[in-house]
Each structure stands twice: as structure tokens, then as C-alpha cells.
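So the sequence shown is numbered by this note's numbering: it starts at 77 and just counts up by one.
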Amino acid sequence: MTRLRQNLIDLMLTPGLSGHEERVAALIRARLPVGLPTRTDRLGNLIATIPGNPDAPSVMLFTHMDQLGFMVRKVESDGLIRVERLGGVSERALAAQAVLLCTAQGDIPGIIMNKAHHATTPDEKYRVQTAPELRIDTGHGSKAAAEAAGIRIGTPVILRPHVLELAGSRIAGTAIDDRAGCAMLIEVAHALTAHNPGPTLHVVWSVLEEFNLRGAVVAAQNLHPDIALQVDLMLATDTPDMADRGEMTLGGGPGISLYSFHGRGTLNGVIPHPALVRLFEDTAAAENIPLQRSAQTGVLTDLSYVQLLGDGVASLDIGFPMRHSHSALECCDLSDVGALTDLTLAALARITPGFSLSREV
Ligand SMILES: [Zn+2]
77 MTRLRQNLID LMLTPGLSGH EERVAALIRA RLPVGLPTRT DRLGNLIATI PGNPDAPSVM
137 LFTHMDQLGF MVRKVESDGL IRVERLGGVS ERALAAQAVL LCTAQGDIPG IIMNKAHHAT
197 TPDEKYRVQT APELRIDTGH GSKAAAEAAG IRIGTPVILR PHVLELAGSR IAGTAIDDRA
257 GCAMLIEVAH ALTAHNPGPT LHVVWSVLEE FNLRGAVVAA QNLHPDIALQ VDLMLATDTP
317 DMADRGEMTL GGGPGISLYS FHGRGTLNGV IPHPALVRLF EDTAAAENIP LQRSAQTGVL
377 TDLSYVQLLG DGVASLDIGF PMRHSHSALE CCDLSDVGAL TDLTLAALAR ITPGFSLSRE
437 V
């Protein structure tokens, strides 16, 4: 099994709700090349700086470690657990799912309860239950027993980590968003630690993306990069239900985002720096790597906030196609993640001292 596949699987199986990324960070540290120093800021971002040509624009290449889920809101007297949603959990995909409650005393399995189908009334049948309406059963049977096991208000809850290795190079399961990015950045670190032909590179595994999209901002405002590249999923649109949303094919290669915007409350998004779009287009052509394009509203990453720091940070979202986002069965193709690694390494090598970020035409 390749290192990329093994790291992705192990990272998918490691719990790390937003604000509770420590176990994921520890696993990433353990998989980094020996001799690559890392540091962790007070928010929890894991940072590794690989020195390169100091005259070239510096780069922050980042991806988020956290995953979405829930927080325990209340333990009922009968031991059933009520939760608040944390991040953009797909409520349509929650009924009868298995979850994991991560307590100080250990991880506890539970199930999201779903009314017996035999007793479901016609109007209940087609209604989606919202997260606050859900009940989680851990089998404890009473508030006292659940609390004795360590479950209390504020306990992190995630969809039960699992991995399905589908045919070919496809992987399905929990938190491919964005453990695939985490695994990819480990590959980049391995490729460049001994010899970095490109610019100084700050590799950042960030926190809190699914919560408030701003964890990476703390890293960026300390590192002062000239360029920020963010690695995350790209919405695959090669299924019938997504066909009108774009041309992003699973297994069709890595992608860049030309436009992202989220209007509901945030009014933010990324229109990438043209020099970075050109860089990735030229590199893909030279390396014979297919490059897919994405333009989506309703999508937002923490790059939206990173781009606004200092004099502005030249920004580009890069990524791998993924299906079924924010469900328990996200799906990606490892070949896309591998090609994204190759493309990124080749693009970084082209960022020389003469690489211009000027916006004057
Ligand atoms: Zn993500």
C-alpha cells in the first residue's frame, strides 16, 4: 500500500472535531519526515517550515485537520443525548448513522435514533429531522450512567470514523474533507525536506475550518506568506444530481477554483490571483497533468480570510474532486490526490525570484 493511501486511511480513522484536532495533529507529526521541525501555535495549527530560495516569494500551503460533527448540548434523564450541530453537517444524511463521542475517558460509540419504519406516519416519512431534534443513544440508559462514562455538555461527537476501499483507487468514508489534504501535505513535506528547489515553504495543517473558517488566519498572520495555496475538496459534478453544477470529474485529475462565494452571512469567497492561475495552468500543461476547473457559489474555505491579510496574500484554492460532501460517505479518487501532489510540487519549483505578483498590467 502506498504511503499516501495508508496515511489517508489512518487520518480518516482518527477523530478530530473542530477545536479538538490534537489527535490528528499528533498522527501527522508522527508521519512527517525525521528531521523536519514542527511547531504548534496556541490555536492548534501545526506548522512546518521548509527553507528554500529566500529571494523568491514565500508560500503557505495549507489544509485543514478538523472535521465537522456535533457538541453534546444536553444529557436527558433517560440517558439519551441531544446535540448542537458543529459545521455544515448534512442533516439529510444523518438518520440511523453511527457516531462516536470523544470523552476524556475514551471514545464511546452511539447511534442517531431513527423512528421504527413500521410506525412512521406518511408525513414523517419525507421530512428531514434537524440536528437539534435528534437523539443519540449510547446504550447507557440513564443520565447518571452516561455521565459516569464521561459524556457531558461539550463532549465532541463525530460521525463514526470508517473507511471503505472501493474498486480501483477510490476511497469512501468519513472526513475525506480534508484528511486527503492532510495526507497530501505529508507527501509534499517528504518530497522537499531533504532538498527544496523552490521558495521557502510553510506547510500548515490548520484548525477550525469547519467551525469558523478562520483558524488558518492565525498561522498566516505570523508567517507573512506572499502566496497562499489552500488544499481542499472540489465538488465533483459527474453524477446526475450535480451535472449542471460544473465539469469536475472524479478521477479526472486535480482542480483549481476560479471562483468561490458564500452569500449566506459571510459575503466572502476567493477570486484567485491571476499569476497563480497561470502558474498552475502552465505547470499542468508542461507536466502532462490534466487540470480541472471549478467555479461555485455555496463553497467557502479559510483562504477567503487569509487573502485579506497585510498587503493582500496572492491566493489560489487547489484540490481534488470529491462526492457526497459532508456526509458519512464522502468519496475521492486517490489518483487525483496523487496527481495534485505532483502538480503542486512542480508548480512550487517554478516560483523563482523573478515570479511576479504585480497586479499592474
Ligand atoms: Zn474542507
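Idealized CB from N, CA, C, for every residue including glycine. No experiment lies behind these values; they were computed from the predicted model shown.
For a test of your reading of the model: does the CB of residue i fall under 6 Å from any non-hydrogen atom of ligand 1? Yes or no.
i	result
Asp253	yes
Asp412	no
Asp142	no
Asp308	yes
Comparing alpha-carbon positions, which option in the options lies nearest residue i?
i	options	result
Met147	Arg107, Gly386, Val165	Val165
Gln372	Ile262, Ile347, Arg228, Thr114	Ile347
Leu170	Pro397, Ile234, Gly274	Ile234
Ser94	Thr197, Gly244, Glu285	Glu285
Pro429	Gly274, Val110, Arg81, Leu261	Gly274
Pro366	Val382, Phe396, Leu343, Leu376	Phe396
Val279	Gln173, Gly128, Asp199, His96	Gly128
Asp412	Glu209, Ala425, Asp142, Ile247	Ile247
Trp281	Leu419, His338, Asn298, Ala124	Ala124
Thr377	Gly111, Asp393, Pro185	Asp393
Arg105	Glu363, Ser153, Leu261, Arg399	Leu261
Gly327	Ala195, Leu385, Ala243	Ala243
Ala180	Leu410, Ala224, Thr116, Ala362	Ala224
Pro91	Gly226, Ser403, Val264, Pro237	Pro237
Tell me where the alpha helix (DSSP H) around residue i begins and ends.
i	result
Thr139	Note, Thr139: premise wrong, no alpha helix (DSSP H); beta strand (DSSP E) at 135-140.
Met260	252-268
Ile104	98-107
Gly186	Taken as a continuous stretch (DSSP letters only), Gly186 belongs to no alpha helix (DSSP H), being part of the beta strand (DSSP E) at 182-188.
Starting from the C-beta of residue i, find all residues in its chain whose C-beta is less than 6 Å away, skip the five residues before and the five after it, and write them out in chain order.
i	result
Met189	Arg211, Asp213
Ala415	Gly329, Pro330, Ile365
Gly120	Glu97, Val283
Ile187	Ala174, Asp213
Please list, in chain order, all residues of the same chain as residue i whose beta carbon is under 7 Å from its beta carbon, the five residues on each side excluded.
i	result
Leu87	Val100, Leu103, Arg255, Cys258, Ala259
Can you tell me whether DSSP reads residue i as helix, strand or coil?
i	result
Phe431	coil
His338	strand
Val239	strand
Lys201	helix
Asp387	coil
Ser245	coil
Glu160	strand
Looking at the secondary structure, which residues open and close the beta strand (DSSP E) in which residue i lies?
i	result
His278	277-282
Pro301	No beta strand (DSSP E) holds Pro301; DSSP gives it neither H nor E.
Ala390	390-399
Ser370	368-373
Ile123	122-126
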